[in-house]
Amino acid sequence: MAARFTDAEIAELLAEPKPLPYDYQGRLQLRQRSGHERAELDVRTPSGNRFRILLRQNMRNALDFSAIIAHAPPNSSLFFRLRRYNGRSHEHTNRLEGTTFYDFHIHLATERYQALGGKEESFAEPSNRFADLRGALNCLLDDCGFRLPDTPQLSLLEGLTP
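Following this line, the structure appears as structure tokens:
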């Protein structure tokens, strides 16, 4: 059975600090697969929660991309998509609100849309904060509690001989 979360639980998951590994940029390098380039990165928080960043870029249409943050609930192999940052490659309609737009947009998991039985992140809002996959990833990292690794610093005494 698919996990369900309240809006408050979704907000808590998004706000939870998620430490990125030092090599996160290298691990998010896109690799070609089935007409798309893709990348994934799993992140575990100090509390034990598991999250996954998923990137997808269409190789023929630069505006067809997604940057996704998903959560793996305990004792589940299914991921719950908390946010999805999409390119301007298709028209989107919010069924409950009856609004339609063709723009860059951010999908948000909501209690209301889970109740419809479809994708948890079906609701979306237009966004002017990004125009490509790299910008979408940066917004995801900023919005969803990710913590950049500290830059390793050399010790003041490193390299000195006694």
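In terms of the working numbering, the sequence shown opens at residue 5 and continues consecutively.
Where a beta carbon is used, it is the ideal one built from N, C-alpha and C, also for glycine.
Beta-carbon proximity check, residue i vs residue j, cutoff 8 Å
i: arginine 48; j: arginine 54; result: yes
i: alanine 119; j: histidine 96; result: no
i: proline 21; j: proline 153; result: no
Local conformation of residue i per DSSP, three classes
i: tyrosine 28; result: helix
i: tyrosine 106; result: coil
i: aspartate 68; result: coil
i: arginine 99; result: coil
i: arginine 4; result: Only positions 5 to 166 of the chain appear in this structure, which leaves residue 4 out of reach.
i: asparagine 132; result: coil
i: leucine 1; result: This structure gives no information on residue 1, because the portion of the chain shown stretches from 5 to 166.
i: alanine 6; result: coil
Alpha-carbon spacing of residue i relative to residue j, whole angstroms
i: proline 130; j: histidine 109; result: 4 Å
i: glycine 122; j: proline 23; result: 30 Å
i: phenylalanine 134; j: cysteine 143; result: 7 Å
i: arginine 138; j: serine 70; result: 10 Å
i: leucine 82; j: alanine 74; result: 10 Å
i: arginine 35; j: alanine 43; result: 6 Å
i: glycine 105; j: asparagine 98; result: First, the residue type needs correcting, since residue 105 is phenylalanine and not glycine in the sequence shown. Taking the straight line from one Cα to the other gives about 9 Å.
Residues bridged to residue i [DSSP beta-bridge criterion]
i: proline 23; result: Arg151
i: tyrosine 89; result: Ala71 and Ile110
i: histidine 40; result: Arg37 and Asn62
i: phenylalanine 83; result: Answer is none; phenylalanine 83 lacks a bridge partner.
Beta-carbon proximity list for residue i, same chain, < 7 Å, skipping 5 on both sides
i: aspartate 46; result: Arg54 and Arg56
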